[in-house]
Amino acid sequence: MLQRTLPHLPLISLTLLAFSLPFELDKVLGRVGPLTVTNVELLLALTLLATAVTLFQARTRPRLPDRYWLWLLPFGLALLLAALFAPAHQANAFKAALRLMSGVLLALAVLQIVRQRRDGYLVAAGLLAGGLIAAGIGMWESYRYQELSWLALFRAKVTVAGQYIRLTGPFDYANQAAMFIEASLPFLLALAWVVAYGKMAGRRRGLLLLFLGLLTLFYVQASVLTFSRASFATILLVSLLLAGWLCWRQPAGWRRLSAWWLALAVITGLLAAANFVGSSGFRLRLQSGNEDQWYLAELDTPPTLTLAANTSTQVAITAVNTGKLIWQSENNPPIVLGARWINTETGREHGQPRWPFPGTVMPGQQVQLDVLVRAPSQPGTYELYWDVVQEHVTWFGNKSGRFARTMVIVTPSLSGTAVTPTETTRAGWGYSLPIPNRRTLWTVGWQMWQERPWLGVGFDNYRLLYGARLGDPRLNNTIHTNNWYLEMLVSLGMVGALPFFFWLFWLALDLCRQTSRQDTTMWRLVVAAGLLTYLIHGFLDFFLLFNATGLLFWLLVGLWAAEKKRYADWN
Numbered sequence: 000m001l002q003r004t005l006p007h008l009p010l011i012s013l014t015l016l017a018f019s020l021p022f023e024l025d026k027v028l029g030r031v032g033p034l035t036v037t038n039v040e041l042l043l044a045l046t047l048l049a050t051a052v053t054l055f056q057a058r059t060r061p062r063l064p065d066r067y068w069l070w071l072l073p074f075g076l077a078l079l080l081a082a083l084f085a086p087a088h089q090a091n092a093f094k095a096a097l098r099l100m101s102g103v104l105l106a107l108a109v110l111q112i113v114r115q116r117r118d119g120y121l122v123a124a125g126l127l128a129g130g131l132i133a134a135g136i137g138m139w140e141s142y143r144y145q146e147l148s149w150l151a152l153f154r155a156k157v158t159v160a161g162q163y164i165r166l167t168g169p170f171d172y173a174n175q176a177a178m179f180i181e182a183s184l185p186f187l188l189a190l191a192w193v194v195a196y197g198k199m200a201g202r203r204r205g206l207l208l209l210f211l212g213l214l215t216l217f218y219v220q221a222s223v224l225t226f227s228r229a230s231f232a233t234i235l236l237v238s239l240l241l242a243g244w245l246c247w248r249q250p251a252g253w254r255r256l257s258a259w260w261l262a263l264a265v266i267t268g269l270l271a272a273a274n275f276v277g278s279s280g281f282r283l284r285l286q287s288g289n290e291d292q293w294y295l296a297e298l299d300t301p302p303t304l305t306l307a308a309n310t311s312t313q314v315a316i317t318a319v320n321t322g323k324l325i326w327q328s329e330n331n332p333p334i335v336l337g338a339r340w341i342n343t344e345t346g347r348e349h350g351q352p353r354w355p356f357p358g359t360v361m362p363g364q365q366v367q368l369d370v371l372v373r374a375p376s377q378p379g380t381y382e383l384y385w386d387v388v389q390e391h392v393t394w395f396g397n398k399s400g401r402f403a404r405t406m407v408i409v410t411p412s413l414s415g416t417a418v419t420p421t422e423t424t425r426a427g428w429g430y431s432l433p434i435p436n437r438r439t440l441w442t443v444g445w446q447m448w449q450e451r452p453w454l455g456v457g458f459d460n461y462r463l464l465y466g467a468r469l470g471d472p473r474l475n476n477t478i479h480t481n482n483w484y485l486e487m488l489v490s491l492g493m494v495g496a497l498p499f500f501f502w503l504f505w506l507a508l509d510l511c512r513q514t515s516r517q518d519t520t521m522w523r524l525v526v527a528a529g530l531l532t533y534l535i536h537g538f539l540d541f542f543l544l545f546n547a548t549g550l551l552f553w554l555l556v557g558l559w560a561a562e563k564k565r566y567a568d569w570n
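Mapping of the sequence shown onto numbering that gives the first Met the number 0: residues 0 to 570, in sequence order.
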């Protein structure tokens with residue numbers, strides 16, 4: 000039994016790995032020195048080990064990729080050198096380098112494992128099954144506006160854009176879900192193609208094609224619900240590029256391939272348009288991008304006040320809606336004017352009063368309020384922080400870093416007797432820092448590269464260093480440059496980035512050459528499409544260091560190499 004199973008173990012473990020990519024547990028299974036091991040990394044190790052053992056037992060020569068893969072040798076060496084000479088966080092850079100190199104090993108393992116077209120179909124089925132289940136979970140959360148508590152097994156929290164839940168599923172972040180969907184979506188097209196032009200009976204084939212069409216609509220809609228503009232735009236662009244490329248390069252008899260990609264582009268465009276009309280969250284995201292631009296307000300407040308303890312006074316406030324949201328205090332969740340009383344000596348908070356706006360406040364509109372302000376019961380010096388609040392979602396200042404402040408002197412009670420405290424105090428809190436926009440992140444990255452042009456700052460170290468460059472190390476340390484190519488340049492300098500760019504260039508050239516052959520196949524096209532999504536989306540994001548999306552990239556690279564080798568062997 001074991002002897003019969005062992006030759007198939009690499010393919011079984013690879014298929015399980017493909018299925019498990021969206022479902023990486025937050026809790027590590029163990030440690031190997033400084034490295035942590037998750038369920039996905041355990042399956043990766045099993046796949047690599049099973050491949051090595053199978054090759055050794057079979058006494059066969061490993062299949063070798065094309066010669067341009069040799070560029071990955073100096074790239075791997077540069078990864079280690081950049082970590083060794085990194086100005087800080089060397090251990091983090093070494094761990095990131097090992098993670099990336101394990102992805103390259105996965106691509107080489109896929110080349111050994113996938114020897115027949117049906118092997119690739121099995122891996123793609125595992126990939127699609129995992130992606131569709133993850134998308135279904137995320138869609139449930141998005142439409143129910145309810146976070147599933149058991150998903151804490153896989154992620155810290157659901158991704159939100161203001162009051163809206165972005166489709167996240169079991170992924171760490173919605174953009175990872177978006178990248179996974181757009182890179183795996185083409186395999187649905189391949190499956191539909193096989194059914195359409197296979198030997199299946201007419202009625203059964205029609206029903207199955209209808210089912211696959213609905214699955215495609217579902218998967219594209221999941222991409223839209225991630226609120227990642229780059230995701231559905233990349234799907235649209237890749238589909239149009241392939242449709243145009245095939246129409247130009249292929250003979251007339253093969254142009255039906257082009258029609259399938261054009262149909263995918265039309266589906267994506269129609270779904271995006273429907274969501275633009277029917278979803279206020281998607282419309283806001285599409286129009287303004289960064290949600291920080293939704294939460295902007297200008298408040299004109301008095302600079303100082305003097306009040307007796309526990310007394311009230313009318314205060315005139317001018318508020319201008321400079322963001323993208325419509326302020327409505329009667330909606331759910333309501334948007335209201337808020338304030339926080341902070342004792343300057345103790346740092347304690349003495350209440351958070353609220354005042355509704357008088358009617359709807361449109362973007363660009365100014366409104367006057369006369370609000371009744373009641374002083375705390377304890378005399379002292381206070382800062383009254385004024386801000387706009389979307390209840391149960393956020394204070395605007397947490398997104399924009401902008402708010403108003405009034406210095407208030409609270410004198411003893413006018414009666415001369417001690418006042419019993421009437422409010423509950425709690426520890427004061429400061430506003431979180433808004434995430435810098437892409438232009439800022441790119442500018443900082445460019446400056447870092449200019450300072451260390453040869454070996455960079457070490458792989459994955461940009462996110463740990465950019466905050467200090469912007470003057471505040473507290474900035475979110477999970478944010479990368481949001482550009483694949485700039486991230487490589489900043490991290491590895493010219494020594495590491497150039498070999499990788501040369502390899503990437505030859506890979507892209509290979510995609511063009513192979514898809515323009517007159518005997519090209521839908522399978523070859525869908526693998527190329529998956530890789531093309533990374534090349535295009537990479538201008539706006541970076542995905543190689545997250546297992547779900549990083550290993551998916553190298554899996555696609557391996558499938559491409561395996562398909563080329565299979566075709567060469569067949570000829």
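The C-beta atom is built at its ideal place from N, Cα and C for all residues, glycine as well.
Count the other C-beta atoms from every protein chain shown that fall within 10 angstroms of the C-beta of residue i, then say buried if there are 16 or more, exposed otherwise.
{"i": "Ser399", "result": "buried"}
{"i": "Gly529", "result": "buried"}
{"i": "Asn330", "result": "exposed"}
{"i": "Phe499", "result": "buried"}
{"i": "Arg284", "result": "buried"}
{"i": "Asn174", "result": "buried"}
{"i": "Phe504", "result": "exposed"}
{"i": "Arg512", "result": "exposed"}
{"i": "Arg473", "result": "exposed"}
{"i": "Ser222", "result": "buried"}
{"i": "Phe55", "result": "exposed"}
{"i": "Asp471", "result": "exposed"}
In whole angstroms, what separates the C-alpha of residue i from that of residue j?
{"i": "Pro333", "j": "His391", "result": "9 Å"}
{"i": "Phe74", "j": "Trp139", "result": "42 Å"}
{"i": "Val193", "j": "Leu127", "result": "15 Å"}
{"i": "Val489", "j": "Phe545", "result": "18 Å"}
{"i": "Leu211", "j": "Thr532", "result": "21 Å"}
{"i": "Ala262", "j": "Leu78", "result": "42 Å"}
{"i": "Asn436", "j": "Leu539", "result": "11 Å"}
{"i": "Glu572", "j": "Tyr461", "result": "Nothing in the structure corresponds to residue 572, since the chain is present only between 0 and 570."}
{"i": "Trp340", "j": "Leu383", "result": "5 Å"}
{"i": "Glu290", "j": "Gln162", "result": "10 Å"}
{"i": "Leu236", "j": "Arg565", "result": "29 Å"}
{"i": "Ala272", "j": "Tyr218", "result": "16 Å"}
{"i": "Arg425", "j": "Thr50", "result": "58 Å"}
{"i": "Leu83", "j": "Ala560", "result": "32 Å"}
{"i": "Val407", "j": "Leu150", "result": "45 Å"}
{"i": "Val464", "j": "Gln292", "result": "At residue 464 the sequence reads Leu, which differs from the Val that was named. Distance between the alpha carbons of Leu464 and Gln292 is about 25 Å."}
{"i": "Leu491", "j": "Gln365", "result": "50 Å"}
{"i": "Thr480", "j": "Ala177", "result": "18 Å"}
{"i": "Tyr294", "j": "Ser141", "result": "21 Å"}
{"i": "Ile11", "j": "Ser328", "result": "56 Å"}
{"i": "Glu146", "j": "Asn397", "result": "22 Å"}
{"i": "Leu224", "j": "Gly268", "result": "14 Å"}
{"i": "Leu256", "j": "Ala527", "result": "14 Å"}
What I want to know is whether the C-beta of residue i ends up closer than 6 Å to one or more non-hydrogen atoms of the ligand SAH.
{"i": "Val31", "result": "The ligand SAH is absent from the structure shown, which contains no ligand whatsoever."}
Pick from the options: whose alpha carbon is nearest that of residue i?
{"i": "Gly125", "options": "Ser183, Leu71, Gln145 and Ala507", "result": "Ser183"}
{"i": "Ala264", "options": "Val456, Ser238 and Glu348", "result": "Ser238"}
{"i": "Arg98", "options": "Ala133, Leu43 and Met178", "result": "Leu43"}
{"i": "Asp459", "options": "Met493, Ile408, Leu543 and Val407", "result": "Leu543"}
{"i": "Asn482", "options": "Leu469, Leu534 and Gly492", "result": "Leu534"}
{"i": "Leu508", "options": "Arg30, Leu34 and Asp65", "result": "Asp65"}
{"i": "Ala403", "options": "Val335, Ile316 and Ile164", "result": "Ile316"}
{"i": "Thr343", "options": "Pro378, Arg30 and Leu190", "result": "Pro378"}
{"i": "Arg282", "options": "Ser227, Leu54 and Thr303", "result": "Ser227"}
{"i": "Trp448", "options": "Asn475, Met493, Gly470 and Leu463", "result": "Met493"}
{"i": "Trp522", "options": "Leu555, Thr477, Phe501 and Leu48", "result": "Leu555"}
For residue i, decide whether its Cβ has a neighbour in chain D, counting only Cβ atoms nearer than 7 Å.
{"i": "Glu329", "result": "The chain labelled as chain D is not found in the depicted structure, where only one protein chain is given."}
Which runs of the alpha helix (DSSP H) spanning at least 4 residues fall entirely within the stretch 464-497, listed in chain order?
none
Is it the case that the stretch 16-24 contacts the stretch 166-179, given that we only count it when at least three CB pairs across the two stretches are under 8 Å?
yes
Where are the alpha helix (DSSP H) runs, 4 residues long or more, that stay fully inside the stretch 38-68, in chain order?
38-57
Restricting to runs no shorter than 3 residues, where is the beta strand (DSSP E) found entirely within the stretch 234-303?
296-299
Cβ contact (3+ pairs, closer than 8 Å) linking the stretch 369-385 and the stretch 303-315:
yes
Unbroken beta strand (DSSP E) runs of length 3 or more, entirely within the stretch 316-360: which are they?
334-342
For the stretch 351-359 and the stretch 287-299, state whether three or more C-beta atom pairs, one from each stretch, are separated by less than 8 Å.
no
Where are the alpha helix (DSSP H) runs, 4 residues long or more, that stay fully inside the stretch 162-232, in chain order?
173-195 and 201-224
So, do the stretch 91-107 and the stretch 39-54 have three or more beta carbon pairs nearer to each other than 8 Å?
yes
Which ranges does the alpha helix (DSSP H) cover as unbroken runs of at least 4 residues, wholly within the stretch 428-470, from first to last along the chain?
437-450 and 461-468
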